[in-house]
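Enquirer:
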Amino acid sequence: MKQFVYSLDTNNVTPEEINTSFKSNMVMIDSFGSFIKNSSMLCSHFGAGKELFKLLLKISFKRSSMYCSGTSKTLHSHGVITYGRCKHYPVDLTDAVIGPVFTHPNMRGQGLATQALVFATHHINANSQSRRIIIDTSEDNYGMQTAIKRAGFAGPIKEFQRNDR
Numbered sequence: 003m004k005q006f007v008y009s010l011d012t013n014n015v016t017p018e019e020i021n022t023s024f025k026s027n028m029v030m031i032d033s034f035g036s037f038i039k040n041s042s043m044l045c046s047h048f049g050a051g052k053e054l055f056k057l058l059l060k061i062s063f064k065r066s067s068m069y070c071s072g073t074s075k076t077l078h079s080h081g082v083i084t085y086g087r088c089k090h091y092p093v094d095l096t097d098a099v100i101g102p103v104f105t106h107p108n109m110r111g112q113g114l115a116t117q118a119l120v121f122a123t124h125h126i127n128a129n130s131q132s133r134r135i136i137i138d139t140s141e142d143n144y145g146m147q148t149a150i151k152r153a154g155f156a157g158p159i160k161e162f163q164r165n166d167r
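Our numbering applies: residue 3 is where the sequence shown begins, and numbers increase by one.
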């Protein structure tokens, strides 16, 4: 399936307020401590198996972080941020790559993914050396394309064929 790639220069991260009217808390999981603090919410989505353990390793080794929106027990939306690497296309060592991104089907269409992306871009801008934030989505995911553009990303800047689905 064809994927569209979008880009946001960290100098262009808008100082917009994050909408707090959602019944979701925005949290950044970027350390072992924040992982443990939010483990109930994470287990509600991932279970206590292999995927959760892989995420813990990525976060513990500072290779990745994760932004989440949800309650203490339910994960509504999340995305992984990986620094300086992407398995689908080349990126600079100073790039932050967002993905995969997930929003619970019952929470879609409410602007939650956009607010979560804005939250993530603010965090990346304030807490990393990244100069560019990259995200991609499939050509038929119109909701995510809208969220990406509303969060300030330009593009698509390129396309690629993804065959691993």
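Every residue gets a Cβ at the ideal spot worked out from N, C-alpha and C, and that includes glycine.
#1: Rounded to the nearest angstrom, what separates L57 and D142 at their Cα positions?
#2: Express the C-alpha separation of G51 and K4 in angstroms, rounding to a whole number.
#3: Assuming A115 is part of the alpha helix (DSSP H), what are its boundary residues?
#4: DSSP three-state label for S62, please.
#5: Just to check my reading of the structure: C70 and I31 have Cβ atoms closer than 8 angstroms, yes? What is that Cβ distance to the nearest angstrom?
#6: What residues in its chain sit with their C-beta under 6 angstroms from that of V15, if we drop five residues either side in the sequence?
#7: Am I right that T12 and R133 are in contact with their C-beta atoms under 8 angstroms? What's the rounded C-beta distance?
#8: Near S62, what residues of its chain come up, given a Cβ to Cβ distance below 6 angstroms and the 5 sequence neighbours on each side ignored?
#9: Start and end of the alpha helix (DSSP H) containing K39?
#10: For T116, which option in L10, G49, K151 and Y85 has the closest C-alpha, if you only look at C-alpha atoms?
Expert: A quick look at the data gives this:
#1: Residue 57 sits at position 55 when you count from the first residue of the sequence shown. Residue 142 sits at position 140 when you count from the first residue of the sequence shown. L57 and D142: Cα-Cα distance of roughly 27 angstroms.
#2: As a position in the sequence shown, residue 4 is number 2, starting the count at 1. As a position in the sequence shown, residue 51 is number 49, starting the count at 1. K4 and G51: Cα-Cα distance of roughly 31 angstroms.
#3: Counting from one through the sequence shown, the residue named residue 115 turns up at place 113. Counting along the chain, the alpha helix (DSSP H) containing A115 begins and ends at L114 to N129.
#4: Taking the sequence shown and counting its residues from 1, the one referred to as residue 62 is at position 60. Looking at S62 - three-state DSSP - the assignment turns out to be helix.
#5: Taking the first residue of the sequence shown as position 1, residue 70 is located at position 68. Taking the first residue of the sequence shown as position 1, residue 31 is located at position 29. Right, their Cβ atoms sit about 6 angstroms apart.
#6: Here residue 15 corresponds to residue number 13 of the sequence shown, with the count starting at 1. For V15, where only same-chain residues beyond five positions count, the Cβ hits under 6 angstroms are T123 and N127.
#7: As a first step, residue 12 must be located in the sequence shown, where it is residue number 10. As a first step, residue 133 must be located in the sequence shown, where it is residue number 131. Indeed they touch by this definition, with Cβ atoms about 6 angstroms apart.
#8: Numbered from 1 along the sequence shown, position 60 holds the residue referred to as residue 62. Cβ neighbours of S62 beyond the five flanking positions: F34.
#9: Numbered from 1 along the sequence shown, position 37 holds the residue referred to as residue 39. Counting along the chain, the alpha helix (DSSP H) containing K39 begins and ends at F34 to K39.
#10: Position 114 of the sequence shown, counted from the first residue, corresponds to residue 116. The option with the nearest alpha carbon to T116 is K151.
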